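Everything below concerns the one structure shown next.
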Amino acid sequence: MQRAEQRDEVEMLALMLLIRRFEERASQQYQAQKIGGFCHLYIGQEAVVVGAVAAVRDDDYIITAYRDHGHALARGTSANACMAELFGRETGCSRGLGGSMHFFNRQNHMYGGHAIVGAHVPLAVGLAFAIKYRGEDRVTLCFFGDGAINQGAFHEALNLAALYKLPIVFICENNLFAMGTSVKRSTSLKQIVDRAEGYDIPGEIVDGMNFREVRDKIAEIVSSIRKEPHPAFVEVRTYRYRGHSMSDPASYRTKQELEKYRLDDPITRLRAQLTREGKLTNEQFDQLDKKAKETVLASVKFAEKSPQPPLDKLYDYTYANGAGEAGVSPVKSNGLAADIAATE
Amino acid sequence: MREITYRQALNEALAEELERDPNVFLMGEEVAEYNGAYKVSQGLLERFGPRRIIDTPISENGFSGLGVGAAMVGLRPIIEFMTFSFSLVAFDQVVNNAPNMFTMSGGQFNIPITFRGPNGPAHQLGATHSHATEPLYANAPGLKVCTPATPRDAKGLLKTAVRDNNPVLVLEAELLYSSKGMVEPPDEELLIPLGQAEVKREGSDVSIICYSQTVPLALATAQKLEDEDISAEIVDLRSIKPLDEKAIFDSVAKTHRVVIVEQDCPFCGVGAEVCYRIQQNIFDELDAPIIRVSQEDVPMPYNERLEKAVLPNADKVIAAVKKVCYA
Numbered sequence: 001m002q003r004a005e006q007r008d009e010v011e012m013l014a015l016m017l018l019i020r021r022f023e024e025r026a027s028q029q030y031q032a033q034k035i036g037g038f039c040h041l042y043i044g045q046e047a048v049v050v051g052a053v054a055a056v057r058d059d060d061y062i063i064t065a066y067r068d069h070g071h072a073l074a075r076g077t078s079a080n081a082c083m084a085e086l087f088g089r090e091t092g093c094s095r096g097l098g099g100s101m102h103f104f105n106r107q108n109h110m111y112g113g114h115a116i117v118g119a120h121v122p123l124a125v126g127l128a129f130a131i132k133y134r135g136e137d138r139v140t141l142c143f144f145g146d147g148a149i150n151q152g153a154f155h156e157a158l159n160l161a162a163l164y165k166l167p168i169v170f171i172c173e174n175n176l177f178a179m180g181t182s183v184k185r186s187t188s189l190k191q192i193v194d195r196a197e198g199y200d201i202p203g204e205i206v207d208g209m210n211f212r213e214v215r216d217k218i219a220e221i222v223s224s225i226r227k228e229p230h231p232a233f234v235e236v237r238t239y240r241y242r243g244h245s246m247s248d249p250a251s252y253r254t255k256q257e258l259e260k261y262r263l264d265d266p267i268t269r270l271r272a273q274l275t276r277e278g279k280l281t282n283e284q285f286d287q288l289d290k291k292a293k294e295t296v297l298a299s300v301k302f303a304e305k306s307p308q309p310p311l312d313k314l315y316d317y318t319y320a321n322g323a324g325e326a327g328v329s330p331v332k333s334n335g336l337a338a339d340i341a342a343t344e
Numbered sequence: 001m002r003e004i005t006y007r008q009a010l011n012e013a014l015a016e017e018l019e020r021d022p023n024v025f026l027m028g029e030e031v032a033e034y035n036g037a038y039k040v041s042q043g044l045l046e047r048f049g050p051r052r053i054i055d056t057p058i059s060e061n062g063f064s065g066l067g068v069g070a071a072m073v074g075l076r077p078i079i080e081f082m083t084f085s086f087s088l089v090a091f092d093q094v095v096n097n098a099p100n101m102f103t104m105s106g107g108q109f110n111i112p113i114t115f116r117g118p119n120g121p122a123h124q125l126g127a128t129h130s131h132a133t134e135p136l137y138a139n140a141p142g143l144k145v146c147t148p149a150t151p152r153d154a155k156g157l158l159k160t161a162v163r164d165n166n167p168v169l170v171l172e173a174e175l176l177y178s179s180k181g182m183v184e185p186p187d188e189e190l191l192i193p194l195g196q197a198e199v200k201r202e203g204s205d206v207s208i209i210c211y212s213q214t215v216p217l218a219l220a221t222a223q224k225l226e227d228e229d230i231s232a233e234i235v236d237l238r239s240i241k242p243l244d245e246k247a248i249f250d251s252v253a254k255t256h257r258v259v260i261v262e263q264d265c266p267f268c269g270v271g272a273e274v275c276y277r278i279q280q281n282i283f284d285e286l287d288a289p290i291i292r293v294s295q296e297d298v299p300m301p302y303n304e305r306l307e308k309a310v311l312p313n314a315d316k317v318i319a320a321v322k323k324v325c326y327a
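Here the protein sequences line up with chains A and B, keeping their order. So for the first sequence, the numbering used here puts the first residue at 1; every next one is plus one. So for the second sequence, the numbering used here puts the first residue at 1; every next one is plus one.
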């Protein structure tokens, strides 16, 4: 199992680039109406998930909210599977049945992709409960936004995690806005991290635009959890460059504010650190970027060529063991599949 | 066979499944140290220890979600609601997370979880504590819902639910915990498949379709009808979803007259679904329009007299039967 400190920083930079280019391309494909539903982009926040994932083992559990493309990619889901999911294709990471907000990758311990704000925080506590129940030394990383911290599910989950001393890091990606509502207008606290104090959970504030700070702080916390299971809370201060979703022009904030954060870009920052230390040349960076762009472009081609989920499997993913198990008789609209086929 | 209570039957089912599979655990309010609000988990903490019999704070949303998360990685949680009226606080976890996960993940994550606890109106508990939640949950694709009415069904269905690879709700009957019935001895494995109704009493003139707390009501009413020379067949659905269409249709094809006695409220209730399926599939078998006897469509009043007026009772059932029999 790969240990955190062994992960190559240039590779992590490449991963951040992949996420950035993937999201840019997703945005373009959304505008071209190749992608349906809601689509929330992660641009600007790349150092958070890449830093966090770099701090843990591949068999640790991660789970997140609906802004999940970066989390799936950071956990090794291929750009092909991610783009195909956005296109609603059978080759997608959720077979085209989940969409942008519901990316899953069981093999790589990526437990979703959850679109009801705060509702996955109890699930994360359940993952951590299972770790402790089985006496394993894994850790669960639970990502959520600043909008989740005022939901009841969040509060109940933190209390349970503290009560049962579960191995979990609550990672609040504070990008300052829950959709269009700023933290100042949503939260009675001066700083989000103080939520943890109410549950006797140790909390930290981390600069989410700095890959190394995210990685090192989470690695330190995780190492302490592995010695003795307990919950921890990290408020990661970050910023999303785009609107809440594709339909949001983000008119609730100023251009100056956005520019301020852009100047502190997480990719530019890690690039500068590596260049300064002689670990990366400009040519090498250009190569990484070129490769990321190529990978993403290829993923669009892959998604376009991929088949639609077959209509005759419509009922196969409602109950495990398949439709008809234990006499399940779903209410089928007569000729539904044929109707859909006829309209295509 | 020996006679035990509904409560004991559930307790045996829990103990047997906890014994059989180390991935099974029981979690809920007062399930451990208090031995269960209705004593269903009596003695389980002592026998299985605090790792597997787990008390929670009053946080239905939190611990239901915890169960769903644990099920994602292969544990088989049994989540007890002190009453299903309280499950409404966890509605998002039960309806949005548990049954959707398998579809949303393209089949990667099934959720083998059991939600169980008392359901349905009890006695003068008022509007917030009297919910019959079965139509709410049966409406969600991906959930299975069963409603045992006897100790034998309670044991057999709960054990099956725990072994099912999907989220299953075992809606126990609050008023039947102390009722008694014959159940196979503990050394005999008792599993009752979901989706199998049972004819609790044979009859030839009318089919009374019922479940949960309306089963003893229907059986008692059938006795009274006997005095008036009406032979009622009592079909206990046992599972709401999956629904045993065949058992329903077989009975209707025999009697040609149907009264549905349900414990829920009428609008979009269980009986509406049963009616629809009968008329769609075996319309020609019917000799009279189907009548449903359910709660009245009002929030449950506390007052005892009014509560009785809201609930299905023998008089209402008899009147319905006479109407469908043109008697």
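Beta carbons are placed, not taken as given, at the ideal position from N, Cα and C, and that holds for glycine. The structure displayed is predicted, hence computed values, not measured ones.
Given a threshold of 16 other Cβ atoms within 10 Å of its Cβ, counted over all protein chains shown, does residue i qualify as buried or as exposed?
{"i": "B:Tyr123", "result": "A small correction: the amino acid at residue 123 of chain B is His; Tyr does not occupy that position in the sequence shown. By the neighbour-count rule (16 or more Cβ atoms within 10 Å), B:His123 is not buried but exposed."}
{"i": "B:Ala149", "result": "buried"}
{"i": "B:Ser328", "result": "Residue 328 of chain B is absent from the model: chain B starts at 1 and stops at 327."}
{"i": "A:Lys184", "result": "exposed"}
{"i": "B:Phe115", "result": "buried"}
{"i": "A:Ser94", "result": "buried"}
{"i": "B:Glu262", "result": "buried"}
{"i": "A:Arg75", "result": "buried"}
What residues in its chain sit with their C-beta under 7 Å from that of residue i, if we drop five residues either side in the sequence?
{"i": "A:Val214", "result": "Ala47, Val48, Gly51, Ala52, Val206, Gly208 and Val236"}
{"i": "B:Leu290", "result": "In the sequence under discussion, the amino acid at residue 290 of chain B is Ile, which differs from the Leu named in the question. So the list reads Val258, Ile260, Cys275 and Ile278, once near-sequence residues are dropped."}
{"i": "B:Glu46", "result": "none"}
Compare the Cα-Cα distances from residue i to each of the options and report the closest residue.
{"i": "B:Glu134", "options": "B:Gly269, B:Thr103 and B:Ala319", "result": "B:Gly269"}
{"i": "A:Met179", "options": "A:Glu277, A:Tyr252 and A:Leu17", "result": "A:Tyr252"}
{"i": "A:Ala157", "options": "B:Gln93, B:Leu171 and B:Gly62", "result": "B:Gly62"}
{"i": "A:Lys227", "options": "A:Lys132, A:Cys82 and A:Pro266", "result": "A:Lys132"}
{"i": "B:Lys200", "options": "B:Leu190, B:Asp287 and B:Val215", "result": "B:Val215"}
{"i": "B:Pro141", "options": "B:Gly74, B:Pro121 and B:Ile240", "result": "B:Ile240"}
{"i": "B:Arg292", "options": "B:Pro299, B:Ser207 and B:Leu171", "result": "B:Ser207"}
{"i": "B:Asp244", "options": "B:Pro118, B:Tyr302, B:Glu285 and B:Lys144", "result": "B:Lys144"}
{"i": "A:Ser78", "options": "A:His120, A:Arg242, A:Val300 and A:His244", "result": "A:Val300"}
{"i": "B:Ala13", "options": "B:Gly28, B:Glu188 and B:Met101", "result": "B:Glu188"}
{"i": "B:Glu198", "options": "B:Val162, B:Cys146, B:Leu225 and B:Ala161", "result": "B:Cys146"}
{"i": "B:Asn139", "options": "B:Cys325, B:Gly271 and B:Asn303", "result": "B:Gly271"}
{"i": "A:Ala162", "options": "A:Ala148, A:Arg262, A:Asp200 and A:Glu173", "result": "A:Asp200"}
Give me the Cα-Cα distance between residue i and residue j, rounded to the nearest whole angstrom.
{"i": "A:Tyr239", "j": "B:Cys275", "result": "55 Å"}
{"i": "A:Ile35", "j": "B:Lys39", "result": "53 Å"}
{"i": "A:Arg20", "j": "A:Gly44", "result": "8 Å"}
{"i": "A:Tyr164", "j": "A:Arg269", "result": "39 Å"}
{"i": "A:Gly135", "j": "A:Leu97", "result": "34 Å"}
{"i": "A:Ala84", "j": "A:Glu90", "result": "7 Å"}
{"i": "B:Ser212", "j": "A:Pro309", "result": "40 Å"}
{"i": "A:Arg25", "j": "A:Leu15", "result": "15 Å"}
{"i": "A:His347", "j": "B:Asp236", "result": "As shown, chain A starts at 1 and ends at 344. That puts residue 347 of chain A outside it, with no answer to give."}
{"i": "A:Asp194", "j": "B:Pro151", "result": "50 Å"}
{"i": "B:Ile230", "j": "B:Asp287", "result": "15 Å"}
{"i": "A:Gln151", "j": "A:Gln287", "result": "44 Å"}
{"i": "B:Glu202", "j": "B:Asn119", "result": "27 Å"}
{"i": "A:Gln256", "j": "A:Lys293", "result": "28 Å"}
{"i": "B:Phe267", "j": "B:Leu125", "result": "22 Å"}
{"i": "A:Cys82", "j": "B:Met104", "result": "14 Å"}
{"i": "A:Ala250", "j": "A:Gly243", "result": "5 Å"}
{"i": "A:Arg7", "j": "A:Met246", "result": "33 Å"}
{"i": "B:Ala9", "j": "B:Met182", "result": "10 Å"}
{"i": "B:Gly117", "j": "A:Arg106", "result": "31 Å"}
What does a CB cutoff of less than 8 Å around residue i pick up in its chain, not counting 5 residues either side in sequence?
{"i": "A:Arg138", "result": "Arg57, Asp59, Asp60, Tyr61, Ile131 and Pro167"}
{"i": "A:Thr281", "result": "Thr275"}
Leaving out five residues on either side along the sequence, give the residues of the same chain with a beta carbon under 6 Å from the beta carbon of residue i.
{"i": "A:Ala196", "result": "Gly203 and Phe233"}
{"i": "B:Phe86", "result": "Glu60"}
{"i": "A:Asp264", "result": "Met209"}
{"i": "B:Gly195", "result": "Ser239, Pro242 and Asp244"}
_Please give me, in chain order, every unbroken run of the beta strand (DSSP E) with length at least 3 that falls completely inside the region 198-258 of chain A._
203-207 and 231-237
*Unbroken stretches of the beta strand (DSSP E), 3 residues or longer, contained in the region 49-130 of chain B*: 53-55, 76-80 and 114-119
*Fully enclosed by the region 42-66 of chain A, which beta strand (DSSP E) runs are 3 residues long or longer?*
61-64
*3-residue-minimum beta strand (DSSP E) runs that sit fully inside the region 136-202 of chain B, ordered along the chain*: 144-146, 168-173, 180-183 and 198-201
*Please list the segments of the alpha helix (DSSP H) lying wholly inside the region 291-320 of chain B, counting only runs of 4 or more residues, in order along the chain.*
304-310
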